[in-house]
Amino acid sequence: MCRSLLKFIRGTHTVSSRKTRRMLDKYKTFHVACGLAICIFSAIHVSAHLANAANFSTSYSEEFPSLNVARYRGEDPKWIILTTIPGVTGIVLVLILFLMLMSSSNCVRSFNYEIFWYTHNLFIVFYIVLMVHMVGGVLKYQTNIEAHPPGCLTANQSNMDPQAKEMEKADNEERRCTEEAHFQGHYPQTWIWLSGPLCLYCAERFFRYIRSCDPVTIVTVIRHPCNVIELQMLKNKFAARPGQYILLNCPAVSSFENHPFTLTTCPTENKKTFSIHLRIVGDWTERFTQLLLTGSRTDMKTLPMVQHRKYPKIYVDGPFGSPSEDVFNYDVSLCVAGGIGVTPFACMLHTLLDRGWTHFRLQRLYFVWVCSELQSFYWFAELLCSVHHKLWQENRPDYFNMKLYVSQTDSLENMSAKYRPLTSRLLVGRPRWKLLLNELGKTNKHKRIGVFCCGPKAISRTLHRFCNSFQSSETVFEFNKESFS
Ligand SMILES: NC(=O)C1=CN([C@@H]2O[C@H](COP(=O)(O)OP(=O)(O)OC[C@H]3O[C@@H](n4cnc5c(N)ncnc54)[C@H](OP(=O)(O)O)[C@@H]3O)[C@@H](O)[C@H]2O)C=CC1
Ligand code: HEM
1 MCRSLLKFIR
11 GTHTVSSRKT
21 RRMLDKYKTF
31 HVACGLAICI
41 FSAIHVSAHL
51 ANAANFSTSY
61 SEEFPSLNVA
71 RYRGEDPKWI
81 ILTTIPGVTG
91 IVLVLILFLM
101 LMSSSNCVRS
111 FNYEIFWYTH
121 NLFIVFYIVL
131 MVHMVGGVLK
141 YQTNIEAHPP
151 GCLTANQSNM
161 DPQAKEMEKA
171 DNEERRCTEE
181 AHFQGHYPQT
191 WIWLSGPLCL
201 YCAERFFRYI
211 RSCDPVTIVT
221 VIRHPCNVIE
231 LQMLKNKFAA
241 RPGQYILLNC
251 PAVSSFENHP
261 FTLTTCPTEN
271 KKTFSIHLRI
281 VGDWTERFTQ
291 LLLTGSRTDM
301 KTLPMVQHRK
311 YPKIYVDGPF
321 GSPSEDVFNY
331 DVSLCVAGGI
341 GVTPFACMLH
351 TLLDRGWTHF
361 RLQRLYFVWV
371 CSELQSFYWF
381 AELLCSVHHK
391 LWQENRPDYF
401 NMKLYVSQTD
411 SLENMSAKYR
421 PLTSRLLVGR
431 PRWKLLLNEL
441 GKTNKHKRIG
451 VFCCGPKAIS
461 RTLHRFCNSF
471 QSSETVFEFN
481 KESFS
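Below, the structure written as structure tokens:
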């Protein structure tokens, strides 16, 4: 989960292979797999030590008292657990893990991200308790193997009955040893395994904290249809690439919550501002929007300096990498956006408009955008028309192929006449993915098409399935899933 380190590795040219970069994008999936593995092996570990506690009670050894954890034979195993350091710390670890696992489920994260986020930060307590877990010294090893080889007999010790004893006298003499067996608790080794990853992660968080401390100035706040707010910001030394996202923190709403937003414009030589489009869907975005719009006229594009003081203080952590950065690294790319999931692709199109298509490997871009309402398309209608006109002027009409789908037809009206290129590409209903992919397959034979999807999970799942099942030796659809939530 060292996002900045991953973004650095992903962005440098050392990771030339797209396959490796795509693997780096799976860091969250890998993390969840590790988290679940921790839970599964912890369950096995706990079961083994519960059996262990029962054994300590029933197999109490008078012969080797230092090996006992029970205080007497038949002691209640529950007491052995509740009165030893490994026992008590083990219960705390299991409780933390259970809370983290339950709060990390998709439903909790989408219902209330804060519950997940607060609970998940219990990992700090988890690691501290884990370091203490081993100091109890329950697991022991013998320190004097040479002086007391396992199975040997000390002077007053015999494990044979008298009759047999006479017969084995000579043999026993050889098995005599000079001292009692001595045992010592294992030296705690957990910190050896944890110190590397923890130091790396702490360095990552420290770096992110220092970087996010730089103040951010809100330059413009624009209200868009369908509950979307555009925020244009300025931050010293902030640089980003299209497709990347930031973590936004607004202490006036909550000091501990960092919400991810994909950039819709990146700073360029001519324009130092960067922007995000946020959809007001939860309590954090609602509260944040109230603070943004309180006392400022929402019809003004750029606010006079005097208004800046009215804005809440915000911090920006990032940018962080994402699969969408690779849209320009294919000959042909298909970008599918669902609703506000258009944001990473809007950033692409801004970059295409600023820098032109000749700077990139990409030779053909298919853009499919599905929205419930027609007004949603106004979020980036100007941008889409500008890109369309620019490519026609540069005699590359085939470069940018866009299809806009409006899925809810009850409130359908005509799009504004000034966006004619969009009106002629507007379709009603949801896309038929299989048909769409077949059409692309036919017009792009022998190509590896990069498929990028950002939006409701249902679209990603459906499209991913169709890309994998697309049977054609000539065309390959390589699915790149975009998600930070
Ligand atoms: N970088 C990232 O990872 C980002 C991710 N997002 C995510 O994108 C999502 C966008 O949310 P929102 O704007 O509310 O989107 P909506 O819920 O409004 O859905 C957008 C469109 O997708 C359509 N749709 C839903 N499922 C399918 C499907 N299986 N096949 C075809 N079309 C489908 C909907 O059709 P219908 O109306 O018929 O349901 C609707 O027209 C959010 O979950 C957000 O987290 C947003 C920004 C960035
Ligand atoms: C049990 C299953 C687990 C699941 C499903 C899970 C899920 C997640 C998810 C989805 C994120 C990303 C949050 C985001 O990007 O906004 C995350 C982050 C993180 N998780 Fe887990 N996790 C699990 C277990 C654990 C465990 C056991 C630990 C450590 C003891 C842990 C430590 C972390 C850390 C340190 C982060 C990074 C937070 C950051 O820096 O952004 N997780 N986890």
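In the UniProt record's numbering, the protein residues as written are 1 to 485. Yeah, the Cβ is synthetic: ideal placement off N, Cα and C, and Gly gets one too. Remember, predicted model here, so these are calculated numbers, not experimental data.
- The three-state secondary structure of Y366, taken from DSSP, is strand.
- Contact holds between the stretch 329 to 344 and the stretch 445 to 454, because three or more Cβ pairs, one in each stretch, are under 8 Å apart.
- Boundaries of the beta strand (DSSP E) harbouring D317: Y315 to F320, taken from the DSSP string.
- Under the criterion of beta carbons closer than 8 Å, S42 and V94 qualify as touching, at roughly 7 Å.
- Using a 10 angstroms sphere on the CB of I192, the tally of other CB atoms stays under 16, which defines it as exposed.
- Here Q290 is exposed, its C-beta having fewer than 16 other C-beta atoms within 10 Å.
- Comparing alpha-carbon positions, the option among Y311, Y127 and A346 lying closest to T190 turns out to be Y127.
- L352 counts as buried, since at least 16 other C-beta atoms from the protein chains shown sit within 10 angstroms of its C-beta.
- DSSP places R465 within a helical segment (H, G or I) once states are collapsed to three.
- In the DSSP assignment, R355 falls within the alpha helix (DSSP H) that extends over T343 to R355.
- Considered as a whole, the stretch 365 to 434 harbours 381 to 393 and 420 to 423 as its complete alpha helix (DSSP H) runs of no fewer than 4 residues, in chain order.
- Between G243 and S324, the C-beta gap is smaller than 7 Å, which places the two residues in contact.
- The Cβ-Cβ distance between I80 and F56 falls below 7 Å.
- Looking at the backbone, the Cα of A381 and that of R279 are separated by about 17 Å.
- C-alpha of P197 to C-alpha of V132: approximately 18 Å in a straight line.
- Under DSSP, T217 forms a beta bridge with L234.
- DSSP places H224 in the strand class (E or B) of the three-state scheme.
- Bounds of any alpha helix (DSSP H) do not take in S254, whose DSSP letter is neither H nor E.
- Sixteen is the threshold: when 16 or more other Cβ atoms of the shown chains lie within 10 Å of the Cβ of Y315, as they do, the residue is buried.
- In this structure, C371 lies away from Y419, with their beta-carbon atoms at least 7 Å apart.
- The shortest C-alpha to C-alpha distance from E413 to any of H446, I449, E373 and W392 is the one to E373.
- A Cβ-Cβ contact shorter than 7 Å links F274 with P267.
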